[in-house]
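Reading the sequence shown from the start, the letters are residues 1 to 407 in full-length UniProt numbering.
C-beta: ideal position from N, C-alpha, C; glycine also.
Given the structure is predicted, the values throughout are model-derived calculations rather than measurements.
Here is the structure we will look at.
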Amino acid sequence: MAFYRRVGEVPRKRHTQFRRPDGRLYAEELMGEEGFSSGSTLLYHRGVPSSLVDARPWELPDQTTTPNSPLVPRHLKLPDLFPGEETMPAPERRAVDPVTGRRLVLGNADVRISYAVSRLPSPLYRNAVGDECVFVERGTATVETVFGSLDVGPGDYVVLPRATTHQWLPTGDEPLRTYAIEATGHIAPPKRYLSKYGQFLEHAPYCERDLRGPGEPLLAEGTDVEVYVKHRGAGPGGLAGTVHVVPEHPFDVVGWDGCLYPYAFNVADFEPITGRVHQPPPVHQVFQGPNFVICTFVPRKVDYHPLAVPVPYYHSNVDSDEIMFYVDGDYEARKGSGIGKGSVTVHPGGHSHGPQPAAVERSLGAEYFDELAVMVDTFRPLGLGEGGRAVDDGRYAWSWSGRGPAA
1 MAFYRRVGEV PRKRHTQFRR PDGRLYAEEL MGEEGFSSGS TLLYHRGVPS SLVDARPWEL
61 PDQTTTPNSP LVPRHLKLPD LFPGEETMPA PERRAVDPVT GRRLVLGNAD VRISYAVSRL
121 PSPLYRNAVG DECVFVERGT ATVETVFGSL DVGPGDYVVL PRATTHQWLP TGDEPLRTYA
181 IEATGHIAPP KRYLSKYGQF LEHAPYCERD LRGPGEPLLA EGTDVEVYVK HRGAGPGGLA
241 GTVHVVPEHP FDVVGWDGCL YPYAFNVADF EPITGRVHQP PPVHQVFQGP NFVICTFVPR
301 KVDYHPLAVP VPYYHSNVDS DEIMFYVDGD YEARKGSGIG KGSVTVHPGG HSHGPQPAAV
361 ERSLGAEYFD ELAVMVDTFR PLGLGEGGRA VDDGRYAWSW SGRGPAA
């Protein structure tokens, strides 16, 4: 994100002496991507950001995946992973937080998709594998970070750069439902929306004004503070976890400036691109990552050619798996398939898919679609995580024909 921000106190020149009121130097830290050749930010700490006093292993939630075999489209009912959270009496609710409570739904070497329904604060957490893009389906939270805090709610994408120390603090009475997209690399706006200097161009469906960054620095106190770190290792998916114990609270930054920082973007600020005939999925793209893209289907006017067919045509995912998370509204193309709010469909590469039977005729003459969905297209096959395996309805593949293998 080449959009410069300055928060708190920083010296006039970088890499120069910057002293505390008592005369001691602040510790300057450069947080940067791609080996000093991409976006970066300078943070000024009261303590030494490299200090450790202890470390121990952290056993990550199950990160194993199994192939989608036999190759079929699937319907994953994510609400079934955390049943009854809204109505369950407080003593019976799951003791789950938005980080350690994530259940892996799908994953490959490039991206992992997890889901959590939580009420508890997360531990301090740092993903040292790649950026995270967390979509808030329901509920509200404050995300405290080393850069400052973000207040987030339904429809927010929260983009957290790799190695950002942060903490999720659910707020309000409703449980926090989060759909976490974890990259093995960096997540950014699509290149075609940006100038060669990183500014959003006029044809982009959102711009810098729509992004919410951290405000004032957080100056927390504490000693011997635990930070949960996900990193590369020998575990499932090439991942491992470590708990670092640091002598002082890591939220000790008095100021920072640069172009690398966490931010939030709400889908209500995405301006849909429409046309006389059906537009292909890239017009819905919001972010890109290594070997995957993230798209958002928002409420919008639909095709206005007099003979237009508003729902998608049948299409084969030659190069990608298509993962659709149905957030809200009434998704026209999937009527009759059992898809509802909180559902995820898996349309794997090599299988042609499209509208359910009768959806094409039913859509003719429609002028507006009231739907909200998050799509992730990957360019390498996805495996099913333990969460995905647990809530596969086992029937979706036969919904176009109306008959299954036993018929």
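Continuous alpha helix (DSSP H) stretch holding residue i: start and end
| i | result |
| --- | --- |
| residue 418 | Absent from the structure is residue 418, since the part of the chain shown begins at 1 and ends at 407. |
Proximal residues to residue i (C-beta, below 7 angstroms), its chain only, five neighbours per side dropped
| i | result |
| --- | --- |
| Gly213 | Arg5, Tyr261, Tyr263 |
| Glu59 | Gly241 |
Three-state secondary structure (DSSP) of residue i
| i | result |
| --- | --- |
| Ala407 | Interpretation of Ala407 is limited by its pLDDT of 49, a score under 50 that renders its predicted location unreliable; the figure taken from the coordinates is listed afterwards. In the structure shown, Ala407 sits in coil (DSSP, three-state: anything other than H, G, I, E or B). |
| Arg24 | coil |
| Arg380 | coil |
| Pro282 | helix |
| Glu386 | helix |
| Gly255 | strand |
| Ala234 | coil |
| Glu322 | strand |
| Val229 | strand |
| Arg209 | helix |
| Tyr193 | helix |
| Asp156 | strand |
| Tyr331 | coil |
| Ala366 | coil |
| Leu76 | strand |
| Thr16 | coil |
| Ala95 | coil |
| Tyr396 | helix |
| Val267 | helix |
| Glu33 | coil |
| Ser118 | strand |
| Ala141 | strand |
Continuous beta strand (DSSP E) stretch holding residue i: start and end
| i | result |
| --- | --- |
| Arg126 | 124 to 127 |
| Ala55 | 54 to 57 |
| Thr345 | 343 to 347 |
| Gln167 | 166 to 171 |
| Glu216 | Per DSSP, Glu216 belongs to no beta strand (DSSP E) and is neither H nor E. |
| residue 411 | Residue 411 is absent from the structure shown; the chain starts at 1 and stops at 407. |
| Gly8 | 5 to 8 |
| Val105 | 103 to 107 |
| Pro83 | Run containing Pro83: none; DSSP gives neither H nor E here. |
| Pro247 | 239 to 248 |
| Leu43 | 40 to 45 |
| Ala188 | Run containing Ala188: none; DSSP gives neither H nor E here. |
| Val136 | 132 to 138 |
Given residue i as reference, the closest of the options once Cα atoms are compared
| i | options | result |
| --- | --- | --- |
| Gly349 | Ser316, Tyr115, Pro236 | Ser316 |
| Leu219 | Ala180, Leu194, Val146, Ser352 | Val146 |
| Asp377 | Gln288, Glu226, Tyr313 | Gln288 |
| Gly383 | Pro310, Val105, Ala358, Thr178 | Val105 |
| Val159 | Glu9, Val277, Arg126 | Arg126 |
| Glu226 | Ala390, Leu211, Pro247 | Pro247 |
| His347 | Val7, Ser40, Pro70, Lys301 | Pro70 |
| Glu271 | Lys301, Val253, Val293, Gly255 | Lys301 |
| Met31 | Gly84, Leu169, Arg162, Ser51 | Arg162 |
| Val134 | Gly101, Ala27, Tyr179 | Tyr179 |
| Ser37 | Ala128, Cys259, Glu59 | Cys259 |
| Gly155 | His166, Glu137, Gln167 | Glu137 |
| Glu371 | Pro290, Asp328, Ala204, Thr345 | Asp328 |
| His75 | Tyr326, Tyr368, Leu364 | Tyr326 |
| Phe3 | Ala27, Gly365, Thr41, Ser363 | Thr41 |
| Val111 | Ser50, Arg20, Arg380 | Arg380 |
| Glu132 | Val293, Leu194, Glu386, Ala359 | Val293 |
| Ala188 | Val286, Val48, Lys77 | Val286 |
| Gly365 | Ser343, Glu29, Pro290, His278 | His278 |
Contacting residues, own chain, Cβ-Cβ under 6 angstroms from residue i (five flanking each side not counted)
| i | result |
| --- | --- |
| Thr140 | Gly153, Thr171, Gly172 |
| Met375 | Cys295, Met324 |
| Pro236 | Gln63, Thr64 |
| Ala407 | In this prediction, Ala407 scores a pLDDT of 49, lower than 50, which makes its location untrustworthy; the coordinate-derived value is nonetheless stated afterwards. Within the same chain, Ala407 has no close Cβ partners at all. |
| Asp397 | The question names Asp, but residue 397 is Ala in the sequence shown. Excluding residues within five positions, the ones whose Cβ falls inside 6 angstroms are Val72, Pro73. |
| Gln167 | Ser122, Leu124, Glu144 |
| Gly222 | His249 |
Interface flag, residue i vs chain C, CB-CB below 8 angstroms
| i | result |
| --- | --- |
| Glu361 | In the displayed structure, chain C is absent; only one protein chain is listed. |
The ligand FAD heavy atom lying under 7 angstroms from the CB of residue i
| i | result |
| --- | --- |
| Ser401 | As presented, the structure is devoid of all ligands, the ligand FAD included, so that no description of it is given. |
Cβ-based neighbour list, residue i, same chain, cut-off 8 angstroms, excluding 5 preceding and 5 following
| i | result |
| --- | --- |
| Ala95 | Leu120 |
| Gly402 | Pro357 |
| Glu216 | Val7, Gly8, Gly148 |
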